[in-house]
Amino acid sequence: MNPLLKPDFFKKEKNKIFLKRGIKFFVVLIFYNNLQYKVIFVTKVVFCNVLSFL
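Right, here's the structure in full:
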């Protein structure tokens, strides 16, 4: 194997791992934000309903 190709190969592998981690982080972030908005929305709806009952 050409030693000059090795660093490039490792760089590509590192980029792949970094890309996978980045995508995973992005998905988790989006999911978490959606969850947060849903929780806030549900809380608001419940709170408004409780107030209207009072």
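Residue 893 is where the sequence shown starts when you use our numbering, and the numbers rise one by one after that.
All C-beta atoms in this analysis are idealised placements derived from N, C-alpha and C, irrespective of residue type, glycine included.
Just so it is clear, the structure is predicted and the values come from calculations on it, not from any experiment.
Whole-angstrom distance between residue j and residue i, CA atom to CA atom
i: K904; j: K912; result: 12 Å
i: F939; j: N925; result: 21 Å
i: K936; j: L921; result: 22 Å
i: K930; j: K906; result: 36 Å
i: F902; j: F917; result: 22 Å
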